[in-house]
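To keep things clear, I will list the structure first and then write my remarks on it.
2 protein chains.
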Amino acid sequence: MHKENNLTKNQQIVLDLIEKSKEPVKAYSILSNVKKRGINAPPQVYRALEKLIKIGKIHKVESKNAFVVCKNTNCEVSNATAFSICQACEKVTEIINSKLSKYLKSFQDNTGMKYKKYNLEFFGLCQKCKSK
Amino acid sequence: MHKENNLTKNQQIVLDLIEKSKEPVKAYSILSNVKKRGINAPPQVYRALEKLIKIGKIHKVESKNAFVVCKNTNCEVSNATAFSICQACEKVTEIINSKLSKYLKSFQDNTGMKYKKYNLEFFGLCQKCKSK
DNA sequence: CTACATAATGTTATATTATAACAAATTTAA
DNA sequence: TTAAATTTGTTATAATATAACATTATGTAG
Ligand SMILES: [Zn+2]
Ligand SMILES: [Zn+2]
Ligand SMILES: [Zn+2]
Ligand SMILES: [Zn+2]
């Protein structure tokens, strides 16, 4: 909502919109909601999204092709993300759990590949949906 | 390659194609490659993919919108998947690691949400690309 | 066996997500 | 300054996925 440093006008407009939303926002939903602010076409939105992802301000929820603000002060560069996704109401929450991130950041598979980045998505029922 | 039980003709054709491929296959690549076998339109491919995913024969690699055969005899229902993805050559490998899956299957976040399913994608450089 | 209901498959059309290609404007740095 | 480089705007199109309905196959009651 407030002016962030080093962001262009379009990036700020897109970030503001994602921040205001309670749920993940899709690119074309962003587009239609920012047309009144002078963003006219998909590439303008996708370029802003790309930059915001790169600097860790937002994340893409891959299974939903939607975007959320980062809730984690530590993942400035967006290289270690985890989400909890309700299969009923589609609520998405970023998981902030240092044990989990520590475990995954240091994970080594048997091929010796060293990981720079991971994205984890958990699916289940949230409290509200469980009790229905 | 060999006839699987309980699969329809289209499901078998699509599965065969994905099994033959060394790399993740995209839906429209599948479509163009199975036209000679009588599959003509996207819904036929997507329905087959949906079923194959449900029974755990294949997985979707979300970050690539592509499909791979399951390499893990244990994830019959596809509810616990992990992949390693090379950012250079795009090679994708299913990670089969019982410690990892045990850890993630029993993971609890602070909201008390109980997870039924997860998908984890690691990114980095594979051995071959690292040494270039 | 029919005749009807149900489910599965085929087909056409369209919706949704994302990027290519180029033009115009802005910024940078000789 | 002015030419190059980068960023932004714009048009067009590519790539991914599903809706809607027609057709065919399968199952079930009479
Ligand atoms: Zn984050
Ligand atoms: Zn819910
Ligand atoms: Zn698997
Ligand atoms: Zn590689």
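Here the protein sequences line up with chains W and D, keeping their order.
Going by this note's numbering, the first residue of the first sequence is number 2, and it counts up by one from there.
Going by this note's numbering, the first residue of the second sequence is number 2, and it counts up by one from there.
Quick reminder that beta carbons are idealized off the backbone N, C-alpha and C, glycines included.
Between the alpha carbons of residue i and residue j, how many angstroms are there, rounded?
i, j, result
"W/Gly39", "D/Lys100", "51 Å"
"W/Lys103", "W/Tyr119", "12 Å"
"W/Asp17", "W/Gly57", "15 Å"
"W/Ser22", "W/Lys129", "20 Å"
"D/Gly125", "D/Arg48", "32 Å"
"D/His3", "W/Asn111", "In this predicted model, D/His3 has a pLDDT of only 42, less than 50, meaning its place in the structure is not dependable; the value taken from the coordinates is given anyway. Cα-Cα distance, rounded: 29 Å."
"D/Met114", "W/Cys127", "5 Å"
"W/Lys136", "W/Tyr29", "Since the first and last residues shown for chain W are 2 and 133, residue 136 of chain W lies out of range."
"W/Leu8", "D/Thr9", "52 Å"
"D/Ala67", "D/Ile14", "17 Å"
"D/Ala81", "W/Lys92", "20 Å"
"D/Leu50", "D/Lys27", "11 Å"
"W/Ser107", "D/Asn41", "46 Å"
"D/Tyr116", "D/Gln109", "8 Å"
"D/Leu105", "W/Leu105", "10 Å"
"W/Lys61", "W/Ser79", "10 Å"
"W/Ile86", "D/Asn34", "34 Å"
"W/Cys90", "W/Lys133", "11 Å"
Can the beta-carbon of residue i be found closer than 8 Å to that of residue j?
i, j, result
"D/Pro43", "D/Leu32", "yes"
"W/Leu59", "W/Val46", "Residue 59 of chain W is actually Ile in this sequence, not Leu. The answer is no: Cβ separation not under 8 Å."
"W/Lys55", "W/Pro25", "no"
"W/Thr94", "W/Phe84", "yes"
"W/Glu20", "W/Glu63", "no"
"W/Gln88", "W/Leu53", "no"
"D/Lys131", "D/Ile97", "no"
Could you check where the alpha helix (DSSP H) with residue i kicks off and where it finishes?
i, result
"W/Glu63", "Note, W/Glu63: premise wrong, no alpha helix (DSSP H); not H, not E."
"W/Val46", "43 to 55"
"W/Asp17", "10 to 21"
"D/Ser99", "99 to 106"
With respect to the beta strand (DSSP E) encompassing residue i, which residues constitute its N-terminal and C-terminal limits?
i, result
"D/Cys86", "In the sequence as displayed, the identity of residue 86 of chain D is Ile instead of Cys. Run containing D/Ile86: 81 to 87, per the beta strand (DSSP E) assignment."
"W/Asn120", "115 to 126"
"D/Glu95", "93 to 95"
"W/Val26", "Segment: none, W/Val26 is in no beta strand (DSSP E) and carries neither H nor E."
"D/Phe68", "67 to 70"
For this session: With a cut-off of 7 Å, give the chain-ordered residues whose Cβ is closer than this to any heavy atom of ligand 2.
Result: W/Cys87, W/Ala89, W/Cys90, W/Lys92, W/Leu126, W/Cys127, W/Lys129, W/Cys130
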